Each structure stands twice: as structure tokens, then as C-alpha cells.
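This report concerns only the one structure given below.
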Amino acid sequence: MVRKSSISRTTKETDIQLQFAIDGEGKAELDTGVPFLTHMLDLFTKHGQFDLQVKAKGDIDIDDHHTTEDIGICLGQALREALGDKKGIKRYGNAFVPMDEALAQVVIDLSNRPHFEFRGEFPSQKVGTFDVELVHEFLWKLALEARMNLHVIVHYGRNTHHMIEAVFKALGRALDEATMIDPRIKGVPSTKGML
Ligand SMILES: [Mn+2]
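Letter by letter, the sequence shown follows residues 12 to 206 in the numbering used here.
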């Protein structure tokens, strides 16, 4: 089974084409119109060993909100679709990633029960032109659409760019672990018999 998917989503605010492969080579081709988000998705793809292509045209003349949120929605939908019946996956993933002085942790359960918890404070409201509050928006919509339980903890840090970077690297690593096929697991890893 090839675990990949393709999402196309057009609204009055954004027009997004996204391709996602779980078992990739860490290759990203990104044209999001939001440079800081491009930087973060590149790290996510590399450290998760996924492949990701995004072509997005959004109303960034207003701000980066709709484009960031909608890429989160599309990536979540792509992840859910690419996972298929979830047979043989590890289901849980946990990663700590340091980035210089910053330390982030991401814990995932591909449970089909969408939930998002975030703990942490970023010292700045902007990284370049990017509104830091959009990190929360992106992650929450990703969790919702992928129907996963996503816990993100920024333990500490001084530089907001470093802290967000640690989050996206940890997201890649935790998701890589949770999506990994474990040959010992027969069927779906749930005592309920389904996820
Ligand atoms: Mn950086």
C-alpha cells in the first residue's frame, strides 16, 4: 500500500493543492506565499521523512491567517486520507526536540478522536512578518482534520523562531513514529478493534 494522498481545496480566501506521502524521503516542494510557514513545513517534512508538495494562493494581502489555517486543514485531510485503515501503525508518537536554547515536545495519538492541547508561551508576537498566534491556528486545524490527538508543549526558550522551529521538528518526528508500520502489530492497534 502506498500511503499518500492529494488534496485540492478552493474557497474565496485560498486555493490550495497539496500532495503528501507518509513514507517519503524528506523532500518538500513548497510555494505557500508565507515564507515562515514554508520554512516550518520544510523542517517538518525533512524530520518526519515525509514528502510534501504545497501550492497555495491565498489572500495574504490581508494577512497570513487564511492561508496558514487552510494549509493546516489540507495537511490534516491529506494525513487522514494517506493513513487509510491504519492497519499495523504504531499509533502513538512522542518527540522532544531542542533548538539551541529552546526545547519542545510533541505527543501524538492517531486516535480518530480530534483533540489539541498546547502549553507554552512565546516571547514575541511576530517572527518577521508572521503572526505567532497562527502557529496555534495551524496546529489545531491540523489535529482536527487529521482526527488526531495532538499535544504540543514548549518547555522553554528565549527566541520565538527557535521555539517554533523546535515544535515543527518535533511534530515531524512524533508523526513519523506514530505513522510507522510495526510488523508485530496485526490489524489496528486498538482493543476496540478500530480507530
Ligand atoms: Mn530557522
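From the three backbone atoms N, C-alpha and C, an ideal C-beta is built for every residue, glycine too. Note that the structure is predicted; figures quoted are calculated from it, not measured.
Take the Cβ of residue i as the centre, count every other Cβ of all protein chains shown within 10 Å, and call the residue buried at 16 or more, exposed below.
i: T190; result: buried
i: D193; result: exposed
i: T78; result: buried
i: L116; result: Per the sequence shown, the amino acid found at residue 116 is Gln instead of Leu. So Q116 ends up on the buried side.
i: E132; result: exposed
i: R169; result: exposed
i: T140; result: exposed
What's the C-alpha gap between residue i and residue j?
i: I73; j: K97; result: 39 Å
i: D62; j: T56; result: 6 Å
i: V158; j: G87; result: Correcting the residue identity first, residue 158 is Arg in this sequence and not Val. Roughly 8 Å separates the two Cα atoms.
i: T22; j: R195; result: 43 Å
i: R184; j: E24; result: 31 Å
i: H58; j: K180; result: 6 Å
i: I84; j: L153; result: 5 Å
i: L54; j: A93; result: 20 Å
At a cut-off of 7 Å, would you count residue i as near ligand 3, judging by its Cβ distance to the nearest heavy atom?
i: L54; result: With respect to small molecules bound, the structure shown includes ligand 1 and not ligand 3.
Establish whether the CB of residue i and some CB of chain D are separated by less than 8 Å.
i: K203; result: This model lacks chain D altogether; it includes just one protein chain.
Listed by chain order, which residues have C-beta atoms less than 7 Å from any heavy atom of ligand 1? H50, H172 and E176
If we require 3 or more residues per run, which beta strand (DSSP E) segments fall completely within the region 105-138? 113-120 and 126-130
Just checking, does the region 105-114 make contact with the region 39-53 on the three C-beta pairs under 8 Å criterion? no
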